[in-house]
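Chains as they are written, first to last, in my numbering: chain B, 3 to 639; chain F, 56 to 313.
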Ligand SMILES: Cc1cc2nc3c(=O)[nH]c(=O)nc-3n(C[C@H](O)[C@H](O)[C@H](O)COP(=O)(O)OP(=O)(O)OC[C@H]3O[C@@H](n4cnc5c(N)ncnc54)[C@H](O)[C@@H]3O)c2cc1C
Ligand code: SF4
Ligand code: FES
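If you want it as structure tokens, here you go:
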């Protein structure tokens, strides 16, 4: 059994974070350079944390698998970042953001964390603006806002359709300022292979240099995993091609609990799949639903062109089913409804796709205004599909997008292994069973700039001058096990490529552990995953050598971890015998297809413990409390 | 459709390289260029050969990882697009396609089509930031940024650091990349205190890394997937000159007597 203590501070929810800050232990400025901290990942969470810690004076070692830290997957985020600044004077505030996030997450998040997130969010915008992030401005020079799904206020800040890129560059520049100052050291093209625990505390990492194949170690006083989400377990997703679960999973195998792996968000507005050669799906920002109207023809098999279908023969299913939120319902609701109408045979051209139509918006507001808002998204769409959304409606369908599950962390963002932290999408985070739009960037930066740099001191203080070096025999042993593992992969002499097996895994997951799940399907999927694991061991081939750049080897290593994770996701989805947020069990729904939660049995976090190769995982639960916002049924009607 | 590929193969930075010819049938027009390379790699693996190494990540034109010269053009035949955004419908059945890495002395080849662009990170380290620590900051609306200035800064900030400008330039200059950052930060009020120092040290670093000088070919702007304008190079040159001539921000202290 895992021992889980969330360490939530005492007191009223509004006071917890402030109280905690007043009591957290500190490390003095002259002592900080004596500490080594490894930050794995340079996305928003990792770059923000690494730059903040380095600026405090810690010695920070930062790694990413890309050739430059600036290319981390966060760069791809389009739509925006939330903060309850209430610039629009529309009634926003910390409580509202807390409320929206808790409700949006269908009451499966830790209340105290969500409140803190809402509380620190406004400071993030200030921080980023100070770094020179070119947020969109009104003509008078003030910051502009737009609205996003699942809420009734306009609190989203943005930089055209490239908000993630600009926030990322702000964090990247801050990080490289610290590299120049000598406080941080960058390890690009480097992959974490293992974490090293000594006497019950995480004391370093083992990594592979992707250019030379060398296996090396870094000894540290704390390790921070900011390695992003595991959406690519589905093979096709909106995530970047190389996103993977390896870092989190290897830490999991060394004892870190993995929480709520089955919570995966399927984003409603993506470009539909066009062929089986595809490995990457393209997201069309949710902000499009501000002006676009979602519809399908009322008549199944209607082959007329969209402009030939008269108004009364169109089914604006979101507007009809959810009059108060309309096209701006949360993502899980929008995605599930797209699935339903396609299941009913109403998909456009008989395929699994629906229209997102801008004709009315262009008529009412003019092509210029719409072009200014979404021009780059429209261009991107046209480039891929050859259709211009200015002239014909977009065709969209849901795709895997974000993982709410991840490494379990306490209030300090520390895993159950002392000294090992997880931030950003890599932790099980504050989004419960469903994340609202524009709130991941917020959470990544909250973790990286605001929270971790305060909370990490607490555990560092306790180990003052108790240094470990890579001479400790544990490092040699861990390095050897990594080398053996890689040699094992290189020795596979089958005929199937890692990518081919990964693709098959993706299909299994999409069909059985995607937008709708059943006990039967999940059980079947676990069987299929077992045989894919077998295929991976016996039919796979890894070409080339291990002592040079070898992308097939990288892929093979990640695939092994994805397979293990996939199995656990199905098990978690099976045992969570309720529906909540994105986790939709067909057995638990209302007559009109809404989720039915079972708070009594599942108002908790499911945390899984690795029990060794071949042994089933063991589950521990962390009970959730709902004091500040009592449980209610989520309704967007 | 069917295409004939001539792909640059090179084992490592020190090894000599050359083109390797492959035929690929079953190419679909909707495939992206990189999905076509994936298909080639699957074919190579199943025939027991080494797959082609190339950089890519986001595959939607924003991370700047992908970096191929296709038929002599960095990022290939598209207009304002990256290699990963090129679709095979840009080619015809039976076409021969030549694929090479971005070439420049400052970007050594790592393997095949993959190059080392860490020189760009070092240019940023020379001053491509606004010095600030994390923590409480002033309210951003307290410092107004006119819409047009914010948009102009954003035009410059769009640079994805891909290096196509360098690969396209006959002098292998990194002017467009450097100018984009100097301009992004130099346009905003927050960037003013370090503006002159930034322009000087980034330009000096650029030279030190072995990038060439600008002689106004403007090839960079043509190749740039984000349409970063060469007018930013003019802007950077002005900032650089001004900084070099009058060092407006440098504290001079009292004149020495001798
Ligand atoms: C297309 C798209 C659009 C999005 N738009 C929005 C939006 O508008 N608003 C919003 O709030 N959210 C959005 N999101 C979600 C958001 O972008 C991500 O959740 C967030 O950026 C994750 O950041 P991160 O720092 O946790 O990890 P990432 O940015 O994924 O970074 C992970 C880092 O870890 C490194 N890494 C991983 N594994 C290893 C390893 N084994 N060894 C070494 N390094 C490793 C990588 O190199 C990388 O640097 C979007 C997501 C997608 C896919
Ligand atoms: S200026 Fe353009 S071509 Fe040069 S690195 Fe930036 S995006 Fe690439
Ligand atoms: S792979 Fe990211 S820009 Fe091409």
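In this text, a Cβ means the ideal position worked out from N, Cα and C, and glycines have one as well.
All values reported here derive from a predicted model rather than from experimental measurement.
Minimum Cβ-Cβ distance from residue i to chain B less than 8 Å
i                     : result
residue 185 (chain F) : yes
residue 173 (chain F) : yes
residue 138 (chain F) : no
residue 95 (chain F)  : no
residue 267 (chain F) : no
residue 78 (chain F)  : no
residue 56 (chain F)  : no
residue 212 (chain F) : yes
residue 311 (chain F) : no
residue 130 (chain F) : no
residue 105 (chain F) : yes
residue 113 (chain F) : yes
residue 191 (chain F) : yes
residue 86 (chain F)  : yes
residue 10 (chain F)  : Limits of chain F in this structure are 56 at one end and 313 at the other, which puts residue 10 (chain F) out of reach.
residue 125 (chain F) : no
residue 216 (chain F) : yes
Residue closest to residue i, alpha-carbon to alpha-carbon, out of the options
i                     : options                       : result
residue 146 (chain F) : F:250, F:299 and F:60         : F:60
residue 155 (chain B) : B:103, B:197, B:185 and B:118 : B:103
residue 116 (chain B) : B:437, B:246 and B:341        : B:437
residue 213 (chain B) : B:200, B:178 and B:190        : B:190
residue 324 (chain B) : B:339, B:515, B:311 and B:632 : B:339
residue 524 (chain B) : B:514, B:388, B:98 and B:445  : B:514
residue 604 (chain B) : B:615, B:621, B:595 and B:617 : B:621
residue 65 (chain F)  : F:149, F:140 and F:108        : F:108
residue 638 (chain B) : B:64, B:108, B:46 and B:58    : B:108
residue 398 (chain B) : B:350, B:418 and B:430        : B:350
residue 423 (chain B) : B:377, B:449, B:238 and B:262 : B:449
residue 281 (chain B) : F:81, F:89 and F:70           : F:89
residue 226 (chain F) : F:214, F:207 and F:274        : F:274
Supposed contact pair residue j and residue i - C-beta distance, whole angstroms, cut 8 Å
i                     : j                     : result
residue 405 (chain B) : residue 152 (chain B) : Between residue 152 (chain B) and residue 405 (chain B) the Cβ distance is about 18 Å, and since that is not below 8 Å, they are no contact.
residue 157 (chain B) : residue 86 (chain B)  : 6 Å
residue 318 (chain F) : residue 60 (chain B)  : Because chain F spans 56 through 313 in this model, residue 318 (chain F) falls outside it and cannot be assessed.
residue 499 (chain B) : residue 264 (chain F) : The pair is not a contact, with the Cβ atoms about 38 Å apart (cut-off 8 Å).
residue 207 (chain B) : residue 198 (chain B) : 7 Å
residue 41 (chain B)  : residue 48 (chain B)  : 5 Å
residue 227 (chain B) : residue 250 (chain B) : 6 Å
Check: residue i C-beta below 7 Å from any heavy atom of ligand 5
i                     : result
residue 215 (chain F) : Ligand 5 is absent from the structure shown, which contains only ligand 1, ligand 2 and ligand 3.
Residue-level contact to chain F via CB, residue i, 8 Å cutoff
i                     : result
residue 175 (chain B) : yes
residue 551 (chain B) : yes
residue 141 (chain B) : yes
residue 454 (chain B) : no
residue 171 (chain B) : yes
residue 644 (chain B) : The displayed coordinates of chain B run from 3 to 639. Any statement about residue 644 (chain B) would go beyond what the structure contains.
residue 385 (chain B) : yes
residue 238 (chain B) : no
residue 284 (chain B) : yes
residue 190 (chain B) : yes
residue 46 (chain B)  : no
Contained beta strand (DSSP E) runs [length at least 3] in the segment 196-276 of chain B, N- to C-terminal order: 203-211, 217-221, 224-227 and 266-272
Taking only beta carbons into account, state which residues of the segment 121-136 of chain B come closer than 8 Å to chain F, listed in chain order. 125, 127, 128, 129, 131, 132, 133, 134 and 136
Contacting positions in the segment 224-251 of chain F - beta carbon closer than 8 Å to chain B: 239, 240, 243, 245 and 246
Counting only Cβ-Cβ distances shorter than 7 Å, please list the residues of the segment 58-75 of chain F near chain B, keeping chain order. 67
Any alpha helix (DSSP H) of 4 or more consecutive residues that is wholly inside the segment 26-104 of chain B: 46-58
Just by C-beta distance, which residues in the segment 491-503 of chain B are closer than 9 Å to chain F? 497, 498, 499, 500, 501 and 502
May I have a chain-ordered list of the beta strand (DSSP E) segments no shorter than 3 residues that lie completely inside the segment 534-602 of chain B? none
Select from the segment 145-170 of chain F all residues with a C-beta closer than 9 Å to any C-beta belonging to chain B, and list them in chain order. 165, 166, 167, 169 and 170
Entirely enclosed alpha helix (DSSP H) segments - the segment 433-511 of chain B, minimum 4 residues: 442-447, 454-463 and 475-492
Listed from N- to C-terminal order along the chain, which residues in the segment 195-211 of chain F have their beta-carbon within a distance smaller than 7 Å of any beta-carbon of chain B? Residues passing the 7 Å Cβ filter: 195, 196, 199, 200, 201, 202, 205, 208 and 209.
Scan the segment 245-259 of chain B for residues whose Cβ lies nearer than 7 Å to a Cβ of chain F and list them as they occur along the chain. Those residues of the segment 245-259 of chain B that come within reach of chain F (Cβ to Cβ, closer than 7 Å) do not exist; the list is empty.
Members of the segment 156-168 of chain B near chain F, C-beta cut-off 9 Å: 161, 162, 164, 166, 167 and 168
Which parts of the segment 241-307 of chain F are runs of the alpha helix (DSSP H), unbroken and 4 residues or longer, counting only runs that do not cross its ends? 250-263, 274-278 and 286-301
Mind checking the segment 277-304 of chain F against chain B and listing, in chain order, the residues whose C-beta falls within less than 9 Å of any C-beta there? none
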